[in-house]
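Undergrad:
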Amino acid sequence: MTDYGSIPSKNPTTPDRSYSLFGERDKSQTQLDDAYRFTLYSTASVTVHAQTLGEIPPRGQTLSKMLQAGYFWLDVLAPTDEEIRMLSQVFRIHPLTTEDILMEEGREKCEMFLNYYFVCFRTFVLDPNSHNYLQALSVYTLVLPGGIISYHFRPVPHCRNVRKRIRHLKERMEVTPDWINYAIIDDIVDTFAPLIRQVETEVDMIDELVLILKESEQTDMLRRIGNCRKRVMSLLRLLTGKADVIKGLIKRFEGRVGRKAMGEIGLFMGDIQDHIITMLQNLSHYEKILSRSHSNYLAQINIEMTQASNETNDVLTKLTVLGSILLPMNLVTGLWGMNVPVPGQESEGLAWFFWIVTAIFMAAALFVLIARKTRLL
Numbered sequence: 001m002t003d004y005g006s007i008p009s010k011n012p013t014t015p016d017r018s019y020s021l022f023g024e025r026d027k028s029q030t031q032l033d034d035a036y037r038f039t040l041y042s043t044a045s046v047t048v049h050a051q052t053l054g055e056i057p058p059r060g061q062t063l064s065k066m067l068q069a070g071y072f073w074l075d076v077l078a079p080t081d082e083e084i085r086m087l088s089q090v091f092r093i094h095p096l097t098t099e100d101i102l103m104e105e106g107r108e109k110c111e112m113f114l115n116y117y118f119v120c121f122r123t124f125v126l127d128p129n130s131h132n133y134l135q136a137l138s139v140y141t142l143v144l145p146g147g148i149i150s151y152h153f154r155p156v157p158h159c160r161n162v163r164k165r166i167r168h169l170k171e172r173m174e175v176t177p178d179w180i181n182y183a184i185i186d187d188i189v190d191t192f193a194p195l196i197r198q199v200e201t202e203v204d205m206i207d208e209l210v211l212i213l214k215e216s217e218q219t220d221m222l223r224r225i226g227n228c229r230k231r232v233m234s235l236l237r238l239l240t241g242k243a244d245v246i247k248g249l250i251k252r253f254e255g256r257v258g259r260k261a262m263g264e265i266g267l268f269m270g271d272i273q274d275h276i277i278t279m280l281q282n283l284s285h286y287e288k289i290l291s292r293s294h295s296n297y298l299a300q301i302n303i304e305m306t307q308a309s310n311e312t313n314d315v316l317t318k319l320t321v322l323g324s325i326l327l328p329m330n331l332v333t334g335l336w337g338m339n340v341p342v343p344g345q346e347s348e349g350l351a352w353f354f355w356i357v358t359a360i361f362m363a364a365a366l367f368v369l370i371a372r373k374t375r376l377l
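Last residue of the sequence shown? That's 377 in the UniProt record's numbering, and every number before it is there in order.
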């Protein structure tokens, strides 16, 4: 049995918090000060929230006795390096696992050890107004025979949702560490469903509008396609490794404890795996639709540009023909308007004038008729 006696029962001095330039630890200390960093759920007592480990046990009790009373779940928000090392020492966590948590390992995986198994599962920033929206966040879980420890370096809603789910189901089922680990993974996967539905709606709209909108209405279509493809690629990046983690978790768990002992947890994990595979297939399909819509949009733009160029060329051709028709008129009128002797200047009547004008109009009509026949006008 694990000896929990080395867990401090009094408030330790708050250690300095170290941050990695490449990690997920929230550098906003004000936000962390407003949140409870430690939450202890136990099947034998009520849920306790505290800022430090020493604040968890009520007066007259010790934390070690609370952990040994029943199945427990210790959720830790933004742990310091000292807290991670201390808990790893108490629960006999392998140094490789401790290093993964300290280094904030981002690769999703499941590793089996003699007295526990370690799961790294990624969620993301859910606030659409945040500049870090859809940024990956890792949740680390250590599933022990008598309990589970979860670490995350930024506030996430999943642990709160799982505790709420436990309150509704604890009267009808036994809450075990394996089930809590499943519930955390299930809640993380469920957060992808609304986003995928939004992407599906946006993809359908883009696919329908890309070929029917007029040029004046297509000003933001390229931006919409780009933003939607960016979101699809972000979701694919977040979901890609999850199916392998679930598959490895089921396989290693079955190989360790046998199919019968796995019970309903195996069915639940299989259901999560089906959901992940379905989401990946849908996102891959949406990416193909967006790629086709992008090509169709560019083709539509090329067609419109070609049509505009053809219309411009047609107008220039007609102007050229009209200029060719008007040029002889200007030549005739220019010759008769010069201050030199011209035919008909000795005549007192207007006969020459009318014949010249008539000849000009007849020549123009002839040229227009020829242009019409040759489809130049």
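We put the beta carbon where it would ideally sit given N, CA and C, even for glycine. Just so you know, these numbers come straight off a predicted model, no measurement behind them.
At 4 residues or longer, and completely inside the region 284-319: list those alpha helix (DSSP H) runs for me, N to C.
TA: None, since the region 284-319 contains no complete alpha helix (DSSP H) of that length.
Undergrad: Between the Cα of R160 and the Cα atoms of L238, P194, E348, W73, which residue gives the shortest distance?
TA: Within the sequence shown, residue 160 is the residue found at index 160, counting from 1. The residue with the shortest Cα to Cα distance from R160 is W73.
Undergrad: Who are the Cβ neighbours of S234 in its own chain at under 6 Å, not counting the five residues just before and after it?
TA: Reading the sequence shown from its first residue, position 234 is the one you call residue 234. Cβ within range, chain order: L134.
Undergrad: I'd like to know whether the C-beta atoms of V156 and I180 end up nearer to each other than 8 Å.
TA: As a first step, residue 156 is located in the sequence shown; it is residue number 156 there, counting from the start. As a first step, residue 180 is located in the sequence shown; it is residue number 180 there, counting from the start. No. Outside cutoff.
Undergrad: Whole angstroms is fine: what's the gap from P343's alpha carbon to T312's?
TA: As a first step, residue 343 must be located in the sequence shown, where it is residue number 343. As a first step, residue 312 must be located in the sequence shown, where it is residue number 312. Roughly 43 Å between the two C-alpha positions.
Undergrad: From what residue to what residue does the alpha helix (DSSP H) around Y182 run?
TA: In the sequence shown, residue 182 corresponds to position 182, counting from 1. 177-190 is the extent of the alpha helix (DSSP H) around Y182.
Undergrad: Is the region 114-129 touching the region 187-203, taking contact as three or more C-beta pairs under 8 Å?
TA: Yes: the two stretches touch, three or more of their Cβ pairs being nearer than 8 Å.
Undergrad: Do you know how far the Cα of R372 is from the Cα of M338?
TA: The residue given as residue 338 occupies position 338 in the sequence shown. The residue given as residue 372 occupies position 372 in the sequence shown. Using only the alpha carbons, I get a separation of about 33 Å.
Undergrad: Which value, in whole angstroms, describes the spacing of the CA atoms of S42 and A69?
TA: The sequence position of residue 42 within the sequence shown is 42, counting from 1. The sequence position of residue 69 within the sequence shown is 69, counting from 1. Cα to Cα, the separation comes out at about 8 Å.
Undergrad: Within 10 Å of its beta-carbon, does F38 have 16 or more other beta-carbons around it, so buried, or fewer, so exposed?
TA: For the purposes of this step, residue 38 is taken as residue 38 along the sequence shown, with counting starting at 1. The residue in question, F38, is buried, as its Cβ has 16 or more Cβ neighbours within 10 Å.
Undergrad: So if DSSP puts M112 in a beta bridge, which residue, or which two residues, is it bridged to?
TA: Translated into the one-based positions of the sequence shown, residue 112 becomes position 112. M112 is bridged to Y117.
Undergrad: Within a Cβ cutoff of 7 Å, which residues of the same chain sit near L326, ignoring the five residues on either side of it in sequence?
TA: In the sequence shown, the residue the question calls residue 326 occupies position 326. No residues qualify anywhere along the chain.
Undergrad: Could you check which residue in D244, W355, K251, Y151 has the C-alpha nearest to that of V332?
TA: Locating residue 332 in the sequence shown gives position 332, counting from the first residue. Closest by alpha carbon: W355.
Undergrad: Among R231, E171, L209, A183, whose alpha-carbon lies nearest the alpha-carbon of P194?
TA: One-based indexing of the sequence shown puts residue 194 at position 194. Closest option to P194, Cα to Cα, is R231.
Undergrad: What does DSSP give as the partner residue(s) for F101 in the beta ladder?
TA: Reading the sequence shown from its first residue, position 101 is the one you call residue 101. Looking at the sequence itself, residue 101 is Ile, so the reference to Phe does not match. Paired residue(s): none; I101 is not in a bridge.
Undergrad: Could you tell me the alpha carbon to alpha carbon distance between I301 and Q198, rounded to whole angstroms?
TA: To locate residue 301, count along the sequence shown from 1; it is residue 301. To locate residue 198, count along the sequence shown from 1; it is residue 198. Straight-line Cα distance between these residues: approximately 27 Å.
Undergrad: The beta strand (DSSP E) that contains D75, what's its start and end?
TA: As a position in the sequence shown, residue 75 is number 75, starting the count at 1. Unbroken beta strand (DSSP E) run through D75: 72-77.
Undergrad: Tell whether a beta-carbon distance below 8 Å holds between P128 and G147.
TA: For the purposes of this step, residue 128 is taken as the residue at position 128 of the sequence shown. For the purposes of this step, residue 147 is taken as the residue at position 147 of the sequence shown. No, Cβ-Cβ distance for P128 and G147 is not below 8 Å.
Undergrad: Go ahead and pull the three-state DSSP assignment for A50.
TA: Position 50 of the sequence shown, counted from the start, is the residue given in the question as residue 50. Looking at A50 - three-state DSSP - the assignment turns out to be strand.
Undergrad: In three-state terms, what does DSSP make of G106?
TA: Position 106 of the sequence shown, counted from the first residue, corresponds to residue 106. If DSSP states are grouped into helix, strand and coil, G106 belongs with coil.
Undergrad: What span of residues does the beta strand (DSSP E) with I149 cover, start to end?
TA: For the purposes of this step, residue 149 is identified with residue 149 of the sequence shown, where counting begins at 1. Where I149 is concerned, the enclosing beta strand (DSSP E) stretches over 147-152.
Undergrad: What is the DSSP secondary structure of F353, counted as helix, strand or coil?
TA: Counting from 1 along the sequence shown, the entry for residue 353 is found at position 353. The answer is helix: DSSP assigns F353 an H, G or I state.
Undergrad: Excluding the 5 residues preceding and the 5 following A351 in the sequence, name in chain order all residues of the same chain whose CB lies nearer than 7 Å to its CB.
TA: Taking the first residue of the sequence shown as 1, we reach residue 351 at position 351. Correct list: empty, nothing qualifies.
Undergrad: For F192, which residues from the same chain have a beta carbon less than 7 Å from its beta carbon, with the 5 sequence-adjacent residues on both sides left out?
TA: Locating residue 192 in the sequence shown gives position 192, where the first residue counts as 1. Excluding sequence neighbours, F192 sits near L235, L239, M279.
Undergrad: Express the C-alpha separation of E304 and V245 in angstroms, rounding to a whole number.
TA: Indexing the sequence shown from 1 puts residue 245 at position 245. Indexing the sequence shown from 1 puts residue 304 at position 304. The alpha-carbon atoms of V245 and E304 are separated by roughly 49 Å.
Undergrad: Do the region 200-208 and the region 281-294 meet, that is, are 3 or more Cβ pairs less than 8 Å apart?
TA: With a cut-off of 8 Å, the region 281-294 and the region 200-208 count as touching, because enough Cβ pairs lie within range.
Undergrad: According to DSSP, simplified to helix, strand and coil, what is F361?
TA: Your numbering for residue 361 matches position 361 in the sequence shown. Reduced to three states, the DSSP call for F361 is helix.
Undergrad: Start and end of the beta strand (DSSP E) containing V143?
TA: Your numbering for residue 143 matches position 143 in the sequence shown. Looking at the DSSP string, the run of the beta strand (DSSP E) that includes V143 is 136-143.
Undergrad: Shortest alpha-carbon distance to E105 belongs to which of L142, S138, D207, A78?
TA: To locate residue 105, count along the sequence shown from 1; it is residue 105. Minimum Cα distance to E105 is reached at S138.
Undergrad: With which residues is T123 paired in a DSSP beta bridge?
TA: Here residue 123 refers to the residue found at position 123 of the sequence shown. Note: T123 sits in a beta bridge opposite L137.
Undergrad: T40 by DSSP, collapsed to three states: which one?
TA: In the sequence shown, the residue the question calls residue 40 occupies position 40. Before going further, note that residue 40 is Leu rather than Thr in the sequence given. Strand at L40.
Undergrad: Determine the direct distance from the alpha carbon of L213 to that of residue 392, and round the result to whole angstroms.
TA: Summary: the structure shown does not reach residue 392, with the chain confined to residues 1 through 377, and so no result is reported for it.
Undergrad: Taking Cβ positions, are L142 and I196 nearer each other than 8 Å?
TA: If you number the sequence shown from 1, residue 142 lands on position 142. If you number the sequence shown from 1, residue 196 lands on position 196. Cβ distance not < 8 Å, so L142 and I196 don't count as in contact.
Undergrad: Roughly how many angstroms lie between the CA atoms of Q345 and V321, to the nearest whole one?
TA: Numbered from its first residue, the sequence shown carries residue 345 at position 345. Numbered from its first residue, the sequence shown carries residue 321 at position 321. If you take the alpha carbons of Q345 and V321, they lie about 32 Å apart.
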